[in-house]
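Notes follow the structure.
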Amino acid sequence: METLELNDLVFEVRRSPRRATLGLTIDRGGELVIHAPESSKRDELARWTRSKLLWVHRKLLDKSGTLPRVRDPEFVSGESFSYLGRRYRLKVVRGAVESLRFDGKNFLLSATARSKATDHFRRWYVQTGRVWLRERVNLLSRKLGVAATRVDVRDLGYRWGSCGKNSVVYFNWKLLQLPVRIADYVIAHELAHLLVPHHGPDLWRILDRSLPDWRDRSEELKVKARDIYWCNDRMNNR
Ligand SMILES: [Zn+2]
Numbered sequence: 470m471e472t473l474e475l476n477d478l479v480f481e482v483r484r485s486p487r488r489a490t491l492g493l494t495i496d497r498g499g500e501l502v503i504h505a506p507e508s509s510k511r512d513e514l515a516r517w518t519r520s521k522l523l524w525v526h527r528k529l530l531d532k533s534g535t536l537p538r539v540r541d542p543e544f545v546s547g548e549s550f551s552y553l554g555r556r557y558r559l560k561v562v563r564g565a566v567e568s569l570r571f572d573g574k575n576f577l578l579s580a581t582a583r584s585k586a587t588d589h590f591r592r593w594y595v596q597t598g599r600v601w602l603r604e605r606v607n608l609l610s611r612k613l614g615v616a617a618t619r620v621d622v623r624d625l626g627y628r629w630g631s632c633g634k635n636s637v638v639y640f641n642w643k644l645l646q647l648p649v650r651i652a653d654y655v656i657a658h659e660l661a662h663l664l665v666p667h668h669g670p671d672l673w674r675i676l677d678r679s680l681p682d683w684r685d686r687s688e689e690l691k692v693k694a695r696d697i698y699w700c701n702d703r704m705n706n707r
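Under the numbering used here, the residues of the sequence shown are numbered 470 to 707, in order.
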């Protein structure tokens, strides 16, 4: 069987001399299949499939019943935002010097910064989360016996984390809304990928050893993913 692996997803490639165009299907079990003409080149398949990833992730979320339940924030006083599983209230304030500030109890958003609030929050999560994630990665690295060369936080759309070239690991800022035990699972999962790039028994063995209840956490992740802000509006034109 020919496969193609992209961003933690494995696609089966089915070639046929009768096909003239590329197609993509997801069957009931969540199996991803690329239908391709006999002569399609691998890099062409990868490029095309990459352009369909947002659609694939949406469909997969849909199928697992984890379609976000929470709408994007409106940035009005009283709304709450989660950081590492704890909820904090937003206060929109007039005359604030900083666009967005967290005082340990509340998020204070300047009224004049409301129109760009998504960007301010994203930046806050990235900057605050980067420091926390690096410490957490160090801790779990020792448990797994593997080290990333660099750890960073960015917007990864619907993905939680990604393992780049040269052992660089990225995490989605959206992960930082979830409780620590769930973030730990995602971190351990990505670190395990530094040793085993594919999903399979070798990867599960590493997780069994370092985070014995990782299967429970993985289930919790699916459920809790429905309750966080995704703010994927800007993803549409990628
Ligand atoms: Zn993975």
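From the three backbone atoms N, C-alpha and C, an ideal C-beta is built for every residue, glycine too.
- A distance below 7 angstroms between beta-carbons, with the five flanking residues on each side excluded, links residue 657 to the following residues of its chain, in chain order: 609, 613, 676, 679, 680, 683.
- The residues 501, 525, in chain order, have a CB closer than 7 angstroms to that of residue 478 in the same chain once the five nearest residues on each side in sequence are set aside.
- Residue burial annotation: residue 653 is buried, with at least 16 other C-beta atoms found within 10 angstroms of its C-beta.
- Cβ atoms of residue 522 and residue 504 stay farther apart than 8 angstroms, at about 17 angstroms.
- Annotation: the continuous alpha helix (DSSP H) that includes residue 658 extends over 649 to 664.
- Between ligand 1 and the CB of residue 477, the shortest heavy atom gap is smaller than 7 angstroms.
- Counting only runs of at least 3 residues, the region 546 to 604 fully encloses the following beta strand (DSSP E) elements, listed from N- to C-terminal order: 549 to 552, 555 to 562, 569 to 571, 575 to 579.
- Taking C-beta separations shorter than 7 angstroms and ignoring five residues to either side along the sequence, the partners of residue 689 in its chain run 651, following chain order.
- In the DSSP assignment, residue 670 falls outside any beta strand (DSSP E) and lies within the alpha helix (DSSP H) extending over 670 to 679.
- In the DSSP assignment, residue 692 falls outside any beta strand (DSSP E) and lies within the alpha helix (DSSP H) extending over 683 to 693.
- Partner residues in the beta bridge of residue 481, as assigned by DSSP, are 472, 502.
- Assignment of residue 520 by DSSP, reduced to helix, strand and coil, places it in the helix class.
- With contacts defined as CB atoms closer than 8 angstroms, residue 622 and residue 664 fail to qualify as a contacting pair.
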